[in-house]
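Student: To start, I am sharing the structure in question, which I have written as C-alpha cells.
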Amino acid sequence: MSRLPTPLLVPRGAPSRLWTWASPLLALLATIACGMLLFGLLDRSPWQAVSMFFVEPLSSKRAVAEVLLKATPLALCAIGLALCFRANVWNIGAEGQLIAGSIAGAAVALAAGGSGWIAAAAIVAAAAGGMAWASITAWLRDRFNANEILVSLMLVYVAQLLLSYVVHGPLKDPAGFGFPQSPMFDRAARLPLLLEGTRLHVGFLLALAAAAAAWLLLARSVIGLQLRVAGLAPRAARYAGFSSRRVLWTTLLVSGALAGIAGGAEVAGPMGQLTPSVSPGYGFAAIIVAFVGRLHPVGVVAASILMALFYIGGELAQSRLGLPSSLTGVYQGLLLLFLLGADTLIVNRLRLRAAAA
Numbered sequence: 002m003s004r005l006p007t008p009l010l011v012p013r014g015a016p017s018r019l020w021t022w023a024s025p026l027l028a029l030l031a032t033i034a035c036g037m038l039l040f041g042l043l044d045r046s047p048w049q050a051v052s053m054f055f056v057e058p059l060s061s062k063r064a065v066a067e068v069l070l071k072a073t074p075l076a077l078c079a080i081g082l083a084l085c086f087r088a089n090v091w092n093i094g095a096e097g098q099l100i101a102g103s104i105a106g107a108a109v110a111l112a113a114g115g116s117g118w119i120a121a122a123a124i125v126a127a128a129a130g131g132m133a134w135a136s137i138t139a140w141l142r143d144r145f146n147a148n149e150i151l152v153s154l155m156l157v158y159v160a161q162l163l164l165s166y167v168v169h170g171p172l173k174d175p176a177g178f179g180f181p182q183s184p185m186f187d188r189a190a191r192l193p194l195l196l197e198g199t200r201l202h203v204g205f206l207l208a209l210a211a212a213a214a215a216w217l218l219l220a221r222s223v224i225g226l227q228l229r230v231a232g233l234a235p236r237a238a239r240y241a242g243f244s245s246r247r248v249l250w251t252t253l254l255v256s257g258a259l260a261g262i263a264g265g266a267e268v269a270g271p272m273g274q275l276t277p278s279v280s281p282g283y284g285f286a287a288i289i290v291a292f293v294g295r296l297h298p299v300g301v302v303a304a305s306i307l308m309a310l311f312y313i314g315g316e317l318a319q320s321r322l323g324l325p326s327s328l329t330g331v332y333q334g335l336l337l338l339f340l341l342g343a344d345t346l347i348v349n350r351l352r353l354r355a356a357a358a
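Taking our numbering, I'd label the letters of the sequence shown as residues 2 to 358.
Below you can see the structure in the form of C-alpha cells.
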C-alpha cells in the first residue's frame, strides 16, 4: 500500500528581496479575507469587516487623529523592539517597561504640581523608568547569562503588580470614591495637542522623531553597524572585536526608554491620570508591529498605524455590532500567523518527497 508524499521545507539559495517586503501585504490581505469569513460565520455582512476596520476609522479628521493616537505607543515600543531584534536581543517585556514608565511619569507629574516644565519632566522620568526596568533584564543576562526572553516576560507581571499596588496605595486618589486610580494631572502636566478638537498630542511627533533617530542609528553610525552585525553574524561580530555587552545594554536601555516614553505619553496624554488599564497590551502587540514593519523604523511606523486600525475596528465592532472585544486579538493573531507562514515560504521552498512503497 503506497503512502502519501511527505512535504519538506528546503532552504532557498537567496530569499527574494521583493517578496521579503511584499509578504506583510500578502499577510494583511489574507487577514482581511479571514476576517470577512469570520464576520460571515457570526451572521454579519463580510463587508462590515472591511468597513469597521479600514473605512470607519479613516472617515474623518477626528477618526484619523484617533488612529494616530493609538499608533503612537505602538510605534514607540516597536521601534525599540526592532533595534533589539536586529541585534539578536530578544526583549519580550516592552509591556512591563511601558508600565514602569507610566508609573514614573505619573509620580513626577503628581509631585511637581502645576509647574510649566512638568510635562517634559514627566516624559523624561517615564523614559528613565522604562530604562531602569529594562536594565534588570540586561544585568541578569550580562551577569548570570539569564535568558532575556523569560526574564523580560516575567518582569511584565511584576510591573503589573507594582502598578496595582501604587494605584491602590501611594498614588491613589483620596477623592476617587475608592476607585484604583491616581488624581487627575494638572493641565500643565498634560502633553500639548497637535490638532484642535482631537486628542492627538505631541507624543506622535516623539514617535516620528524616534523612528528617524533609529534609522540614522542603524544606517549612519558605528553602533548601528555593530547592532546589525551582532544580529546577522554573532561570530563575525566577536571576531571584529565588537562588544556583545555593549550591544546588549545599548539595545535594552534604548528599547526600555522608548517603551517608558510610550507609557508616559499615555498617562500625560489621553488618560490624564494613572489607572490599572494604562495599556491594553501595546507592548505585546508591538512585537507583531516590529515584524510586520520588517524591523525597519519606517516600516514600523506604517505597521503601527495598521495595528491601530485593528484596535479601533475592534472597538467599533464591539460597540456597534455587539461582537466580542477579543476580535482585535483575533485579527492580530491572524496577521502574525500569515506573516510567519509567508516568511517561512520566502526562506524555504516546499517540496514533496515521494514515500517508499
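Virtual Cβ for every residue (Gly too), placed ideally from N, Cα, C.
Just so you know, these numbers come straight off a predicted model, no measurement behind them.
(1) Going by Cα to Cα distance, which pick from S24, E149, E57, L233 is closest to T345?
(2) Exposed or buried, Y332, counting other C-beta atoms within 10 Å across all chains shown (16 or more means buried)?
(3) Quick check on M2: buried or exposed, where buried means 16 or more other Cβ atoms within 10 Å of its Cβ?
(4) Can you give the Cα-Cα distance for A95 and S60, rounded to whole angstroms?
(5) Here's a check: name, in chain order, each residue in its chain whose Cβ is nearer than 7 angstroms to the Cβ of W134, leaving out the five neighbours to either side.
(6) Could you check whether I288 and A79 sit closer than 9 angstroms to each other, using their CB atoms as the reference points?
(7) With 16 other CB atoms within 10 Å as the buried threshold, where does V299 fall?
(8) If you drop the 5 nearest sequence neighbours on each side, which residues of the same chain put their C-beta closer than 6 angstroms to that of L337?
(9) Taking all protein chains shown into account, decide if E197 is buried (16 or more other Cβ within 10 angstroms of its Cβ) or exposed.
(10) Helix, strand or coil for P47? Go by DSSP, reduced to three states.
(11) According to DSSP, which residues form a beta bridge with H169?
(12) Span of the alpha helix (DSSP H) holding P235?
(13) Do Y312 and K71 come within 9 angstroms of each other at the CB atom, strictly closer than that value?
(14) Within its chain, find whatever has a CB closer than 6 angstroms to the CB of M53; leave out the 5 residues flanking it on each side and keep chain order.
(15) Using CA atoms only, rank isn't needed, just tell me which of A189, G204, R188, D187 is closest to L195.
(16) Could you name the residues that DSSP lists as bridge partners for P12?
(17) Per the DSSP calculation, H202 is bridged to which residue(s)?
(18) Starting from T276, trace the alpha helix (DSSP H) in both directions and tell me its first and last residue.
(19) Is the number of C-beta pairs between the segment 216–223 and the segment 36–53 that are closer than 8 angstroms three or more?
(20) Please classify R63: does DSSP put it in a helix, a strand, or coil?
(21) Can you tell me whether G284 is buried or exposed, with buried defined as 16 or more other CB within 10 angstroms of its CB?
(22) Using a 10 Å radius around the Cβ and a threshold of 16 neighbouring Cβ atoms, would you call P74 buried or exposed?
(23) Out of curiosity, what's the CA-to-CA distance linking F339 and A120?
(24) Spell out a yes or no on whether the segment 103–113 and the segment 259–273 are touching, meaning 3 or more CB-CB pairs, one atom from each, closer than 8 angstroms.
(25) Which residues share a DSSP beta bridge with R354?
(26) Indicate the three-state DSSP secondary structure (helix, strand or coil) for V90 in the structure shown.
(27) Given A28, which residues of its chain have a CB within under 7 angstroms of its CB, disregarding the five upstream and five downstream residues?
(28) Use the C-beta contact count for P181: other C-beta atoms within 10 angstroms, 16 or more gives buried, fewer gives exposed.
(29) Work out the CA separation of G282 and Q227 for me, nearest whole Å.
(30) Between which residues of its own chain and A208 is the CB-CB distance below 6 angstroms, once the five residues before and five after are set aside?
(31) Using a Cβ distance threshold of 8 angstroms, determine whether the segment 35–46 contacts the segment 171–188, with at least three qualifying pairs required.
(32) Write down the C-beta distance between V152 and I104 rounded to the nearest angstrom, noting that I regard them as a contact closer than 8 angstroms.
(33) For P235, which residues in the same chain have their Cβ closer than 8 angstroms to its Cβ, ignoring the five residues on either side in sequence?
(34) Can you look up L296 in the DSSP assignment and give me helix, strand or coil?
(35) Rounding to the nearest angstrom, what Cα-Cα distance links G177 and S165 in this structure?
(36) Just tell me which of F145, V11, G261 has its CA closest to the CA of V279.
Tutor: From the atom records:
(1) Selected option, being the one with the closest Cα: S24.
(2) Under this definition Y332 is a buried residue.
(3) Unreliable positioning characterises M2 in this predicted model, as indicated by a pLDDT of 49, which lies under 50. A coordinate reading is not provided.
(4) A95 and S60 have their C-alpha atoms some 31 angstroms from each other.
(5) Only G97, Q98, A101, L156, A160, G257 meet the Cβ criterion.
(6) Yes. Within cutoff.
(7) Residue burial annotation: V299 is exposed, with fewer than 16 other C-beta atoms found within 10 angstroms of its C-beta.
(8) So the qualifying residues of the chain are I289.
(9) By the 10 Å Cβ count, E197 comes out exposed.
(10) Three-state DSSP puts P47 in a helix.
(11) For H169, DSSP records no beta bridge to any residue.
(12) Here the alpha helix (DSSP H) through P235 covers 235–240.
(13) In this structure, K71 sits near Y312, with a CB-CB distance shorter than 9 angstroms.
(14) Around M53: G314, L317, A318.
(15) Minimum Cα distance to L195 is reached at G204.
(16) Beta-bridge pairing links P12 to N349.
(17) DSSP, once it has assigned bridges, lists L194 as partnering H202.
(18) Looking at the DSSP string, T276 is not in any alpha helix (DSSP H), and its letter there is neither H nor E.
(19) No, the segment 216–223 does not touch the segment 36–53.
(20) Residue state, collapsed to three classes: helix.
(21) Of the residues assessed, G284 falls on the buried side of the cut-off, its CB having 16 or more other CB atoms within 10 angstroms.
(22) Flag for P74 reads buried.
(23) For F339 and A120, the distance between alpha carbons rounds to 41 angstroms.
(24) These segments touch.
(25) R354 is bridged to T7.
(26) In this structure, V90 counts as coil in the three-state DSSP scheme.
(27) Around A28: L336, F339, L340, A343.
(28) It is buried - the Cβ of P181 has at least 16 other Cβ atoms within 10 Å.
(29) Distance between the alpha carbons of Q227 and G282: 31 angstroms.
(30) Cβ neighbours of A208 within its own chain (closer than 6 angstroms, five residues either side excluded): T73, A76, L77.
(31) Contact fails: fewer than three Cβ-Cβ distances are below 8 angstroms.
(32) That belief does not hold up - the Cβ atoms of V152 and I104 are roughly 19 angstroms apart, past 8 angstroms.
(33) N89, S245.
(34) The three-state secondary structure of L296, taken from DSSP, is coil.
(35) Straight-line Cα distance between these residues: approximately 15 angstroms.
(36) Among F145, V11, G261, the Cα nearest to that of V279 belongs to G261.
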